[in-house]
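Report on the structure given below.
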Ligand code: AP5
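Residue numbers (our numbering): 67 to 277.
What follows is the structure in structure tokens.
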């Protein structure tokens, strides 16, 4: 099963992708995590992406479609994948659809996580993430240890107020049209209320998936 997760920055896509991956037994593919790893490793792809990411802009579609081509043709995604933030523009949605068609696959479900703007800013301004495994936390200080892997928790550069404002704007202008694109292409988009506890949101997401 291939599931596309949509939603604004801070909606909880990464948090829920981990939960759904564990529950459904398919891997989470988060383009943000792939790109941050490339930046850390200083690869060509990372060097190209860094300035876009720090500002909160989208990296070029060609970079994302290259990543999606690599992961969707890899044996790791044979049974499916949860695509976390991997589709953020209409050309990416089109490109992914074409690429999957060529290998006899398709997007099976689209989940749109919906939460109000004040809550998004609250979540992002108090988030730290593990620089190793990328697990996000609320209310834990930078420098403390990740409960999962022992890595160091850091603040993301794009969680600074100016970058957050830009990311929310970019989402509205470039990513919201993706919802309409899926609907126009006869894909049911399930809106999931992403307010409430993490477990409540997971239950709603699983229900939307018929699980
Ligand atoms: P990415 O890392 O994907 O950032 P994002 O989409 O802005 O999403 P976030 O990670 O900020 O939020 P999230 O929805 O995953 O929420 P989370 O679970 O962390 O991408 C970063 C950058 O990479 C982009 O800006 C772009 O430059 C580039 N990029 C990536 N993909 C791209 C693409 N396809 N095209 C072009 N460029 C691309 O939760 C947020 C916080 O809230 C956490 O602290 C969490 O603990 C907490 N939280 C979660 N759920 C709850 C809850 N129910 N209650 C309370 N707190 C909660």
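For glycine and all other residues, C-beta sits at the position ideal for the given N, C-alpha and C. Values in this document were obtained by computation on a predicted structure and should not be read as measured data.
Quick check: what's the CA-CA separation for residue 258 versus residue 111?
For the purposes of this step, residue 258 is taken as residue 192 along the chain shown, with counting starting at 1. For the purposes of this step, residue 111 is taken as residue 45 along the chain shown, with counting starting at 1. So the two alpha carbons sit approximately 33 Å from each other.
With residue 204 as the anchor, note down where its beta strand (DSSP E) starts and where it stops.
Within the chain shown, numbered from 1, the residue matching residue 204 stands at position 138. Start and end: 202-204.
Pair within 7 Å by beta-carbon distance, residue 193 and residue 202:
Within the chain shown, numbered from 1, the residue matching residue 193 stands at position 127. Within the chain shown, numbered from 1, the residue matching residue 202 stands at position 136. Yes, the Cβ-Cβ distance between residue 193 and residue 202 is below 7 Å.
Just verifying my parser: in three-state terms, what is the DSSP assignment at residue 69?
Indexing the chain shown from 1 puts residue 69 at position 3. Three-state result, residue 69: strand.
Quick one: which unbroken alpha helix (DSSP H) runs of 4-plus residues sit fully inside the stretch 71-137? Chain order, please.
Listed in chain order, the complete alpha helix (DSSP H) runs (minimum 4 residues) inside the stretch 71-137 are 79-90, 97-107, 110-121.
Nearest to residue 148 (by Cα), restricted to the options 273, 76, 82:
The residue labelled residue 148 in the question sits at position 82 within the chain shown. With distances taken between Cα atoms, residue 148 lies closest to 82.
Less than 6 Å between the CB of residue 208 and some heavy atom of the ligand AP5, yes or no?
For the purposes of this step, residue 208 is taken as residue 142 along the chain shown, with counting starting at 1. Within the chosen limit of 6 Å, the ligand AP5 does not reach the beta carbon of residue 208 with any heavy atom.
How about residue 218 and residue 120: do their beta carbons lie closer than 7 Å?
Here the question's residue 218 lines up with position 152 in the chain shown. Here the question's residue 120 lines up with position 54 in the chain shown. Cβ distance not < 7 Å, so residue 218 and residue 120 don't count as in contact.
Report yes or no: do three or more beta-carbon pairs, one from the stretch 234-243 and one from the stretch 142-162, lie closer than 8 Å?
The stretch 234-243 is in contact with the stretch 142-162.
Whole alpha helix (DSSP H) runs in the stretch 208-264 with 4 or more residues, listed along the chain?
The alpha helix (DSSP H) runs lying completely inside the stretch 208-264 and spanning 4 residues or more are 227-236, 242-250, given in chain order.
Given the structure, does residue 75 come close to the ligand AP5, in the sense that its CB is under 6 Å from one of the ligand's heavy atoms?
Counting from one through the chain shown, the residue named residue 75 turns up at place 9. Answer for residue 75: yes, Cβ within range of the ligand AP5.
Can you pull the DSSP bridge partners for residue 196?
Along the chain shown, read from residue 1 onward, the residue named residue 196 stands at position 130. Beta-bridge pairing links residue 196 to 219.
Nearest-angstrom beta carbon gap, residue 67 and residue 101 [assumed within contact, 8 Å]
For the purposes of this step, residue 101 is identified with residue 35 of the chain shown, where counting begins at 1. For the purposes of this step, residue 67 is identified with residue 1 of the chain shown, where counting begins at 1. The pair is not a contact, with the Cβ atoms about 24 Å apart (cut-off 8 Å).
Can you look up residue 152 in the DSSP assignment and give me helix, strand or coil?
Within the chain shown, residue 152 is the residue found at index 86, counting from 1. The answer is coil: DSSP assigns residue 152 none of H, G, I, E or B.
For residue 249, the nearest candidate out of 123, 178, 237 (CA to CA):
Counting from 1 along the chain shown, the entry for residue 249 is found at position 183. A check of alpha carbon separations from residue 249 across 123, 178, 237 identifies 178 as the nearest.
Taking the beta strand (DSSP E) that residue 275 belongs to, which residues open and close that run?
Position 209 of the chain shown holds residue 275. Counting along the chain, residue 275 falls outside any beta strand (DSSP E), and DSSP gives it neither H nor E.
Using 6 Å as the cut-off, classify the Cβ of residue 79 as near or not near the heavy atoms of the ligand AP5, replying yes or no.
Counted from its first residue, the chain shown places residue 79 at position 13. Yes, Cβ of residue 79 sits closer than 6 Å to a heavy atom of the ligand AP5.
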